[in-house]
């Protein structure tokens, strides 16, 4: 088995065309605008429960999402809005769900932590830290056995690294040479604690221990994430077995919306400045000769799409309790 | 009609399902090359190949979690948890993932998977290899759980479990692996949730399942020699359980004992007794009773375990209480 190599990716911009960059920027902005809007909806009481925002981390979701095909599957986590949007979920049904409506993705039963769309291979956000990894192992097994030509992806944070299933899943994926892309979004925080105090190892060493090739990228640069993910996806599709992409990024908001983040004062800032993935990508677009007007037009389209989705969410109906009770068990298989 | 052992009937059910449906796969600890710790899956890897029948590392959480992901992605996995005690390690995958995916994702998907796992048995396996934990799982909305008592049911219930669109726990009592009996060439279909009357009677209803059926029938035979005809209902399925069948029987006998190998407190018997006390209170001529294991972990020493295991004698003693 080949030993893992860790490379700091520093890919140049030349492989990304104008339309690639615009596609990435559109994904990043859709996620950013959706979550910015959620902060106000949450503050206004229009969104109940817990929401975990990925503001600052959009470059990871957008970059990986752009490297995936429609039939590739994706297991997500509690901070999963970006993954869902990047996989191409319908924004109306996304907001309908988060606002607890019958027409939402989960008929109002799941909410923010359980957004899923099986029709595009989005196997669900997940409220249990690390739980997506074994699910992605199983989905990758299905791709392998059914010879779909597709692959599975799982997003997990550095906070998940101390979970036992991470080790189990890396091991099984390596043993079975599964078509599986592990994506570790390293934002430095394990809920309310710095990961440095929570995890004594390093994810690249963990991957290397199982012979899984990994790469460390700047998660705030969607282009870099996209290029690395695309290369890994190609290698995985060629039968190379699992790969792990570690994306360094930043959690701008709290662990959950409403988190006062007192633990962060004096330790870490919640500002990104030039590291903001939106700023970085806009810079890339300018470098590629895209005009400010064009860039602003993409942003305006994202804002309009989100406003339309919020309006759709508000217009949704209340779910039926009787219908819910009838939905505990499936009557037929409806997968894949 | 062939005479087979309990485990061979299970093996045939898996084999027939795999032959019929290429999306059925099986994985677990030592199920392929070694043929399973109790020899149940012997020969399946040879017949269906290493892609569909796989040995896994000792990783219960990921075995069951992977079954969930595989089921959501178009396969019908059958996985094995070597002893039911080890299901503790896979509880997130079962309780938070398998049980909830259909409901939680708004019915976009189903999770057609089977977890085979052995419980109980009284084989001096000690506190961590002997527990009957079915009540835990029966408590979780979204899971189904079956527990066969006979050769024919082990085949038919497993086929039903594999065909079911929901996660089904298939519980095998270790004592039954020694059981030998006839398996018809074309076993009948058994629906999950349908009980079976193992012995007809009109004086007392004994509800049981799994390996407890045999001592229940022994007790019924002893009672018959004393002029009491007990009806013995083999539940076969714990979640859902056949409430109507128990109620019909109670309408004739007016007396109820639930008899199982699992610990009595907070158990399957507690649920059945509570439910019947509610919906069939007027039928009851005596307090409904449970007979199960005492509130203790299962012990190792033979002498201790014999006293721990619910026996025909304890059942007869309880029967006397409800008959006087």
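Protein chains in written order, with my numbering: chain A, 2 to 337; chain B, 7 to 330.
All residues carry an ideal CB built from backbone N, CA and C; glycine is no exception.
Exercise. Can you list, in chain order, the residues of the region 152-172 of chain B whose Cβ is nearer than 8 Å to any Cβ on chain A?
Worked result: Answer set for the region 152-172 of chain B: 171, 172.
For this session: Would you mind sorting residue 195 of chain B into buried or exposed? The rule is 16 or more other CB atoms within 10 Å of its CB.
Result: Looking at its Cβ environment, which holds fewer than 16 other Cβ atoms inside 10 Å, residue 195 of chain B is exposed.
Exercise. So does the region 205-214 of chain A actually touch the region 139-159 of chain A, counting three or more Cβ pairs closer than 8 Å?
Worked result: Cβ pair count under 8 Å is below three, so no.
Problem set entry | Own chain, CB closer than 6 Å to residue 242 of chain A, minus 5 neighbours either side, in chain order | Within the same chain, and ignoring the five residues on either side of residue 242 of chain A in sequence, the residues whose Cβ sits closer than 6 Å to its Cβ are 178.
Exercise. What's the C-alpha gap between residue 47 of chain A and residue 98 of chain A?
Worked result: If I take the Cα positions, the gap works out to 12 Å.
Problem set entry | Pairwise C-alpha distance: residue 325 of chain A and residue 278 of chain A | Residue 278 of chain A and residue 325 of chain A: Cα-Cα distance of roughly 40 Å.
Problem set entry | Neighbour list for residue 88 of chain B in chain A, Cβ cutoff strictly below 9 Å | None at all; the shortest Cβ gap to chain A is about 15 Å.
For this session: Give the range of the alpha helix (DSSP H) segment to which residue 245 of chain B is assigned.
Result: Segment 243-245 is the beta strand (DSSP E) holding residue 245 of chain B; no alpha helix (DSSP H) there.
Exercise. Around the Cβ of residue 90 of chain B, are there at least 16 other Cβ atoms within 10 angstroms (buried) or fewer (exposed)?
Worked result: Its Cβ being crowded by 16 or more others within 10 Å, residue 90 of chain B is buried.
Exercise. Residue range of the beta strand (DSSP E) that residue 157 of chain A falls in?
Worked result: Following the DSSP letters along the chain, one finds residue 157 of chain A inside the beta strand (DSSP E) bounded by residues 153-158.
Exercise. Nearest-angstrom Cα distance between residue 134 of chain B and residue 200 of chain B?
Worked result: C-alpha of residue 134 of chain B to C-alpha of residue 200 of chain B: approximately 31 Å in a straight line.
For this session: Note down, in chain order, every chain C residue with its Cβ under 8 Å from the Cβ of residue 113 of chain B.
Result: Of the protein chains in the structure, A and B, none is chain C.
Exercise. Using a Cβ-Cβ distance under 9 Å, would residue 4 of chain B count as near chain A?
Worked result: Because chain B spans 7 through 330 in this model, residue 4 of chain B falls outside it and cannot be assessed.
Exercise. What number of angstroms, rounded off, separates the C-alpha of residue 11 of chain A from the C-alpha of residue 222 of chain A?
Worked result: Here residue 11 of chain A scores only 43 on pLDDT, less than 50, and its place in the model should not be relied on; the value that follows carries that caveat. In this structure, the straight-line span from the alpha carbon of residue 11 of chain A to that of residue 222 of chain A is close to 10 Å.
For this session: Let me know the secondary structure DSSP gives residue 2 of chain A once reduced to three states.
Result: Because the pLDDT at residue 2 of chain A is just 32, under 50, the model does not fix this residue reliably, and the point stays unresolved.
Exercise. Could you check where the alpha helix (DSSP H) with residue 214 of chain A kicks off and where it finishes?
Worked result: Here residue 214 of chain A belongs to no alpha helix (DSSP H); instead the beta strand (DSSP E) covers 214-219.
For this session: Out of A/315, A/313, A/58, point me to the one whose CA is closest to residue 184 of chain A's CA.
Result: Closest by alpha carbon: A/58.
Problem set entry | Rounded straight-line distance, which links the Cα of residue 251 of chain A to that of residue 394 of chain A | For residue 394 of chain A there is no data in the structure shown, the boundaries of chain A being 2 and 337.
Exercise. Mind listing which residues of the region 90-106 of chain B have their C-beta closer than 8 Å to chain A's C-betas, in chain order?
Worked result: Taking 8 Å as the cut-off between beta carbons, the residues of the region 90-106 of chain B near chain A are 98, 99, 102, 103, in sequence order.
For this session: Kindly identify the DSSP beta-bridge partner or partners of residue 34 of chain B.
Result: B/61, B/86.
For this session: Drop a sphere of 10 angstroms on the beta-carbon of residue 110 of chain B, count the other beta-carbons inside from all chains shown, and report buried for 16 or more, exposed for fewer.
Result: Per the 10 Å Cβ criterion, buried.
Problem set entry | Short-range partners of chain A found in the region 53-64 of chain B, where Cβ spacing is below 8 Å | Listed in sequence order: 57, 58, 60, 62, 63.
For this session: Count the other C-beta atoms from every protein chain shown that fall within 10 angstroms of the C-beta of residue 255 of chain B, then say buried if there are 16 or more, exposed otherwise.
Result: Buried is the call here.
For this session: Give a yes or no on whether 9 Å exceeds the smallest Cβ distance from residue 309 of chain B to chain A.
Result: Answer no: the Cβ-Cβ gap between residue 309 of chain B and chain A never drops below 9 Å.
Problem set entry | Per-residue contacts from residue 73 of chain B into chain A (C-beta, under 7 Å) | Under the 7 Å cutoff, chain A gives 139.
Exercise. Ends of the alpha helix (DSSP H) at residue 129 of chain B?
Worked result: No residue range can be given for residue 129 of chain B, since it is assigned to no alpha helix (DSSP H) and is classified by DSSP as neither H nor E.
For this session: Report the neighbours of residue 53 of chain A on chain B: residues whose CB is nearer than 7 Å to its CB, in chain order.
Result: Annotation: residue 53 of chain A has no Cβ neighbours in chain B at a cutoff of 7 Å; minimum Cβ distance is about 16 Å.
For this session: Please report the residue range of the beta strand (DSSP E) in which residue 262 of chain B lies.
Result: Element bounds for residue 262 of chain B: 262-269.
For this session: Reducing DSSP to helix, strand and coil, say where residue 7 of chain A ends up.
Result: Only weak support is given to the placement of residue 7 of chain A: the predicted model assigns it a pLDDT of 34, under 50, and the value that follows is read from those uncertain coordinates. Residue 7 of chain A carries a strand assignment under DSSP once its states are collapsed to helix, strand and coil.
For this session: Return no unless some Cβ of chain B is closer than 9 Å to the Cβ of residue 323 of chain A.
Result: Taking Cβ atoms only, chain B never reaches closer than 9 Å to residue 323 of chain A, which makes this a no.
Problem set entry | Close Cβ partners of residue 224 of chain B (< 8 Å) along its chain, the five nearest in sequence each way excluded | Non-local C-beta neighbours of residue 224 of chain B in its own chain, meaning closer than 8 Å and more than five positions away in sequence, comprise 318, ordered along the chain.
Problem set entry | Exposure label - residue 108 of chain B; buried when at least 16 CB within 10 Å | Buried: at least 16 other Cβ atoms inside 10 Å.
Exercise. Using a Cβ-Cβ distance under 9 Å, would residue 77 of chain B count as near chain A?
Worked result: Judged by the 9 Å Cβ criterion, residue 77 of chain B is in contact with chain A.
For this session: Could you tell me which chain A residues have their CB closer than 7 Å to the CB of residue 80 of chain B, listed as they occur along the chain?
Result: Per Cβ cutoff of 7 Å: 143, 147, 336, 337.
Exercise. Looking at the C-beta of residue 47 of chain B, does it have a partner C-beta in chain A at a distance below 9 Å?
Worked result: Not closer than 9 Å to any Cβ of chain A, the Cβ of residue 47 of chain B fails to qualify, so no.
For this session: Examine chain B for any beta-carbon lying closer than 9 Å to the beta-carbon of residue 136 of chain A, and answer yes or no.
Result: Yes, residue 136 of chain A counts as interfacial toward chain B.
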